[in-house]
Structures are given as C-alpha cells and as structure tokens.
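Here is the structure we will look at.
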Amino acid sequence: MSIRFIKDKKRFVINTKHTTYAFEVVLDHYLYHIYYGKRISNVPDPVFTFLSFAPHVKECNESKSPDLFPQEFSCYGAGDYRPNSLRLSADGTGVCDFVYHSYRIFKGRLDLDGFPAARADEHTQTLEVTLLDEGCHCRLKLYYTVFADLDIISRYMTVENLGDTSVKIEKCMPLTLDMLRSDFDMISFYGSHFNEMHFQRVPLHHGTQSVYSNRGASSPHYNPFIALCSHNATEERGEVYGFNFVYSGSFLDEVDVDQQSRVRVQIGLGSESFSYSIDAGETFCSPEAVMTYSPTGIGKMTRNFHNFIRTHIMPPASLQPHPVVLNTWEACYFNIDEAKLLDFAKEAKKTGFDMLVMDDGWFGARNHDHAGLGDWYENRTKFPDGLASFVRKVKAEGIQFGIWVEPEMVNPDSDLFRSHPDWALQTVGREPLLSRHQLVLDMSNPQVLEYLMKQFDETFRGIEIDYFKWDMNRHMAHVGSMHLPSDKQGEIFFRYMKGVYRLLDWFRDHFPGAVIETCSGGGGRYDLGMMQYGIQIWASDNTDPYYRTRIQASALMGYPAATMSCHVSNPKESLASLDYRYKVAVGGMLGYELNILKMSDEIKSEMAKQIAEYKTFEHVIRLGDYYNLAFPTKYPYSAYYYATSDRTEILLTVIEKYQCPQGQTKRLKIKAANPGATYVDARTGKQYSGASLKEGIVIDLTGEPMSAHLFHLKAL
Ligand code: GLA
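Mapped onto the working numbering, the consecutive letters of the sequence shown carry residue numbers 896 to 1611.
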C-alpha cells in the first residue's frame, strides 16, 4: 500500500518508490503538513513554534495558530495570513474554516468532472480527506492520487454545497505544499509569442513570487511548470521539487516565503480570473495539480515528469511513432489550392514523408487573416471539387492527410459572426478588442459548442482525416458572455476551458481515426491539459534553429520530447543549413515546413536521407530517458542525449550556437551508457566502449556557423 493511515497519531503517510509525504490531523481540526522528501521510515512528529500576533482557538495559545504551522490546505480569513488555498463566500466575507472529518483510501481514482486528469493504472491509489465547514454549509474533499512507481502525487479538490443558497469560490488552489525552510531557487519559464520558454532560476526571497496567466490560456508568458531546487542543485545533484497543473487556462503558481522564512507553494486557478458560484446541492471540482521530488538533481525530476506525462497524461497514440509531416504554413501561408497541394503530396511521398498537413487558408473566405475564421467549410475557389475529393486524391498518392482548425475563434468578417455576433466574448457597451483581427468564441455557451460540432461533422463527415492541428491564436479581453447571467460572468474563464475540453473530447470520440496536434501560435498552450489530447504540440512559430535550441532545451526540463513538434524550415537551398536545422529538430518529433516544390533535387534527396535516418532513432527520442549535459543559455552550445531504458541505444546531440568558441574540446559524460557494452555509431561506424562513454566522449567544437554533431550509438 502506498497510502497508510496511522490511527493513534491520526497521521497519513504516502510512500512512493523514492519519496515520502506525510501529514497529520492536529487539534481535531487542521491538517498539519509534516514532510515531503526522500523516502524515510520514521516520520518526525509535528513541531509548533510560538509567535505573537497569531490567532488560535481558545483551548490553545499562539503556538497552535494555523498561521504558524505547515498546512495541507489553508482557508482564507481563518487565522492563516499566508496566501490561502480557498476563499469561499457563503455570507459575503470570503471566510471559511474547514475542519477535518474523515478519510477513505481506494484503488484507482475518480473522474474530474470534464477535466483532463492523469490516467490511473492498476497501481494507482487515491486518498480522499473530507473536511466540513458548518459556517458555510460545505463539504470539502481533498484528493491525493498516488503514482507510486513514478514518484508522482497529484492533488485536486471538490467543494459540495450542502446548504440551500449558493456559495461563491473566489480563490482555488488545489495544491498547497508548506515546508519548514525556504533555501531554494525557483525555476520558471517566461516568454512571448515567437520567443517562448526563457529559463529563469532565482533564489527565493521573502514575500510572494509567482508565475500566472490571466489570458484565458496557459500562455507563452509563463508556463505552469515550476521547480524549487536547493541553491547548489545541478542536473545530477541537489534536491528538487517539481510542480505542474493539468489545465490549459488562466492559472496561478504562487510561492511565498513567510515571517518564519518558511515556504508555501501553491498551484491552481488563483482568484484574478477565476470565481465560481456553487448552487445548493451542486459540487464544484477543481482541475488537478501534480508534484514530484528528486533528491538527485534536476535531471531526475525531469525524468520523473517525462515518464509520468508519457504514460499517464498523453494519449496512448503518442507512444506509437509520430508521423513525419510536411506542413504547408511557412511554405505557402494562405496561398493554397488543390493543384498546388497535390503537387506537394506527390513530392512529399517521394521524399519519404508520412503526411501532408494542410495548414490555415482552406476554408471560408480565408485568403488572409482578416476573414473567414468560424466558417468551417471548404473554400470552393481553392478546392473546386470539394474537400472530400481533394483528400481522396492526396491519399491516392499514398500519404496521410492532416488539416488545421482553430475552433475557438471567429473573425468579425465571417458568416458565423454576421449571423451570431452574440457568440463572441464581449461586454455590453464596449467595442471588443481585436487581436490578429479575431475575436474569441464564447465556449462557455453550449449553443456555440453544438454549432461547432454540427459544422465540423458536416464538413469532415466521411473524409479520412488522420490528423488535426488545433490552434488558438489570441488571448481573451473584455471577457463577458451574452448567455450567462451577471452573477456568473466571473466564471467565464473556467467555463470556457470546460467547453474547450468538451469539444476536444468530441473531436477525439467523433474522429477516432485521427490524432491531434495542439498549438497556440506555437507554444502558447504548452501544458498538461493540452497534452492529454494531442500527441504533440507545436513548440513555437519561431523555427530559427538558434532560438529553437533554447526553446526546446527549456521545454524538455518539464515535458518529454514526444510532446514537442520540431520542424525544419527554410534551409535556403543550403545543405549546411538543412543539416543544422535537422540536427536541432531531432530534439523532438521531426517535421518540415518548406516549399518542397522549390527545393532542388539535392536538397530533396538530403531530406529523404534525413527522414529515413530519423525513423531509425525516432523511438529513442520519443520514449528514451533524457539527459541534459549543457544548457544553451549557460554554455555556447547545447548538449543532451536520449537513452533507451535498456541502454542499448543512445542519441547524443551537440548544437553549437552563434559565436561558439573555436577549437574547444569538450568531454561529455554519457553516464547512462552500459559499461559492459560496446557501442557503434550508426552514422560513422566508429566504436566506443560503454565504459569510455561514461568517462566522456570527446567533441571538438568547430566554432563554425551551423555546426552540430549527432551520434546514434547502438550496443553491439
Ligand atoms: C499559428 C500557428 C502556425 C500557423 C498559423 C496559421 O501562428 O502557430 O503554425 O498554423 O497560426 O494561421
């Protein structure tokens, strides 16, 4: 059993393979968080400190104040002045004070009311802890779902309104972790469209530090993944706590260092763009947050998340080989038509591609980005015989077919908007703000969802689509819904995401033969919620290999390579550039995005060789263990490798950046190599003993532009 209740102490102990998590009921009221860290057999007893100005129940003194001890869960207005987990208004005050009631432990897990959540397997167990607040007539349940083999614990909560009037949740943080220390650095990622995933590592300071989104999408501005690590932590050493949120909308990750220099980490919906009224008898369910702990550096934390995401978050299809796609966007933009794309399909087939993905521009009056979004039927000027006939012709070339959609959006210049202007998010009396000339559809409105389902069903019925690229190209503003009453307007961000997930579920069920790639102007929804639906995510609209090297290295810290689609674009007829771009792109799931009709025979034949070679090691990238050797913001080069779990194959990549110093020799230790094996590099035939790889493979940096090194090492 990974979860135990020790009756005499009223203590809960969760053991995963390498970690222990423990908390205890104190004062028959609170959940005192005792420990999270490396696996131990003797959990210490709670300790209490005394400080003045600390409110407490009348039977105790200041030392037993909820403001002073670590908690599993903290209520607004009830004596804990740190950032709270829940603010719940029954009487307008926001004050709630939940008291421990009971628990149960069961195999598997419960569904999360329409939210994506980690899939259970036969080892998964869940602890449900029930608390009651008679003041607001609500029952709170905290859920701890344990993936013991993977060292992952997930948390979410439900709140049931037992009263007869509605109550309002004004802040909701399903994961709270308190520790009696704060000697950590915080790792997070910030960025913008076209420039995602900048790595940031800074020591914690007193006060609250946070990353967040109020944009209605997890967004490229901050990613929901964060980590706390000891100041001396490296890839292989030091303590690291990793956190993430299985959600794609606005979020808040807040880390607070308090008056006693203790840290509180919280992951959740926050309060700024979230609120929810729970009607009498109704139960609210939050999305879930996940955490892991590594006593042996950042690399182990990364691999814990990678294993977990691959096996419990991503769709099972993502464990199969991903198609190598030729995407039309950077090649043609909106300038597509049947004749041109059939030529693309022919050339793509000859070059060894698995799939042609027709990007934006195929529907409505979509000849530029000012019009057409929302009109999900083929443009008959571009496809005179219709979509079905075109797709049949593509397939006749012996290649699969993918198509771009952006279901959540509408252009004001579209038939959809002209007939349903009230279906866009807007507030009464204000001119809606545009972004990329588009508005956001009100996905909280069931009528909108039903319309979209009907329209997509009509347009795609009977057409063998193998792949949808699901995009989202703006953030929300003037967030108001014409279909919700005024007292529910604050719920739109949350209800919107539920609507998006419902439509994604529908796509998954309605087109079972197709997989989904998700995208939000690139990596604008690079999150665990989207990863439950898509086999991969378009990591960035920026396909410049130098930028991509950094973006990919950062993404890989929290997310496996299987999630990351990486395209070779625009090699400008240069074999060197093609080679460099390829070596960068095989950091993840390879694809191409270039005008194949304009490529020379030499380039096409080189691309064919690349695709064939990639297929010999794609499984190593998709399923292998990832080891980062040199992070490109710290070094003038990026170096990393993937190793299969049986250590028989290793793919090592070294990407030199601009101005990489010439003539430097680097010894890169491949510690995952099997010391008893002999490896041969499938690219050069050169042999290496596993023992020598562990000591280090020597790389001579050339200092030349577009210089990269790839080794596909296979045990003999
Ligand atoms: C976004 C995507 C691109 C492309 C365009 C089409 O920017 O990230 O890959 O699909 O939209 O408009």
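Think of the CB as a built atom: it goes at the ideal place given N, C-alpha and C, for glycine as much as any other residue. Quantities reported herein were computed from a predicted structural model and do not represent experimental measurements.
Boundaries of the alpha helix (DSSP H) in which residue i is found, first to last residue
i, result
"V1289", "G1281 to A1291"
"C1227", "W1224 to C1227"
"M1452", "P1440 to G1453"
"Q1342", "P1341 to F1355"
"N1199", "G1192 to F1203"
"D1520", "Looking at the DSSP string, D1520 is not in any alpha helix (DSSP H); the run it does join, the beta strand (DSSP E), is D1520 to A1525."
"V1395", "I1387 to H1405"
"M1425", "L1423 to M1426"
Span separating the alpha-carbon of residue i from that of residue j
i, j, result
"G974", "S960", "7 Å"
"Y1477", "Y1536", "16 Å"
"L1336", "L1251", "28 Å"
"E1303", "L1214", "28 Å"
"V1575", "F1010", "46 Å"
"F1258", "E1599", "44 Å"
"R934", "A1448", "30 Å"
"K953", "D1006", "40 Å"
"I901", "R1050", "21 Å"
"V1160", "Y1136", "10 Å"
"Y1117", "H1373", "21 Å"
"D1255", "E1233", "14 Å"
"D1080", "R1034", "36 Å"
"R1623", "P1455", "Beyond the ends of the chain as shown, which are 896 and 1611, falls residue 1623; an answer cannot be given."
"S1061", "K1383", "12 Å"
"R977", "E1225", "49 Å"
"R1445", "F1389", "32 Å"
"V1593", "F1094", "27 Å"
"S1435", "D986", "46 Å"
"P1092", "F1312", "Per the sequence shown, the amino acid found at residue 1092 is Met instead of Pro. If I take the Cα positions, the gap works out to 34 Å."
"Y927", "W1299", "49 Å"
"A1568", "A1586", "7 Å"
Contact under 8 Å by Cβ, residue i with residue j
i, j, result
"I1545", "I1565", "yes"
"G1003", "A1013", "no"
"D1601", "S1472", "In the sequence under discussion, the amino acid at residue 1601 is Met, which differs from the Asp named in the question. Yes, the Cβ-Cβ distance between M1601 and S1472 is below 8 Å."
"G848", "T1322", "The displayed coordinates of the chain run from 896 to 1611. Any statement about residue 848 would go beyond what the structure contains."
"V994", "H924", "yes"
"G1176", "N1056", "yes"
"P1218", "E1513", "no"
"S1339", "Y1272", "no"
"R1076", "V1158", "yes"
"S1500", "E1468", "no"
Residue i versus the options, residue with shortest Cα-Cα distance
i, options, result
"E1065", "F1169, I1592 and K1195", "F1169"
"G1111", "I1594, G1394 and T1444", "G1394"
"N937", "H1514, V920, S958 and I909", "I909"
"K1510", "L1485, P1531, Y1522 and P965", "L1485"
"Q1554", "C991, L1563, P1307 and L1596", "L1596"
"D992", "F1001, Y998, D1046 and L981", "L981"
"G1165", "Y1228, F1200, T1019 and Y971", "Y971"
"H1265", "F1229, K1245, L1470 and E1345", "F1229"
"T1539", "A1610, I898, I1491 and I1294", "A1610"
"D1474", "N1523, A1603, G1429 and A1409", "A1603"
"P1466", "K1493, V1481, A1450 and L1451", "K1493"
"M1253", "G1483, E1301 and I1000", "E1301"
"K1288", "E1242, D1249, L1237 and P1307", "L1237"
"D1059", "G1030, G1247, T1021 and A1450", "G1030"
"M1348", "V1549, P939 and W1401", "W1401"
"E1183", "I1193, Q966, E1242 and P1119", "P1119"
"E1130", "S1145, M1196, V1185 and F1179", "M1196"
"R1443", "K1552, K1244 and F1285", "K1552"
"R1132", "I1173, G1194 and F1179", "G1194"
"D1174", "T1191, H1032, T1543 and F1146", "H1032"
Range of the contiguous beta strand (DSSP E) that encloses residue i
i, result
"W1613", "No answer is possible for residue 1613: it lies beyond the span of the chain, which begins at 896 and ends at 1611."
"R999", "V994 to K1002"
"S1108", "G1102 to S1108"
"N1631", "Summary: the structure shown does not reach residue 1631, with the chain confined to residues 896 through 1611, and so no result is reported for it."
"I1358", "No beta strand (DSSP E) holds I1358; DSSP gives it neither H nor E."
"G1086", "F1079 to S1087"
"V1158", "V1158 to G1163"
"V908", "R906 to N910"
"G1486", "M1484 to E1488"
"D1576", "T1573 to D1576"
Residue i beta carbon near ligand 2 (any heavy atom closer than 7 Å)
i, result
"R999", "Ligand 2 is absent from the structure shown, which contains only ligand 1."
>> Closer than 6 Å between the C-beta and any heavy atom of ligand 1: which residues qualify, listed along the chain?
In response: Qualifying residues come out as W1224, D1254, D1255, W1299, D1366, N1368, C1414, G1416, G1417, W1433 and D1436.
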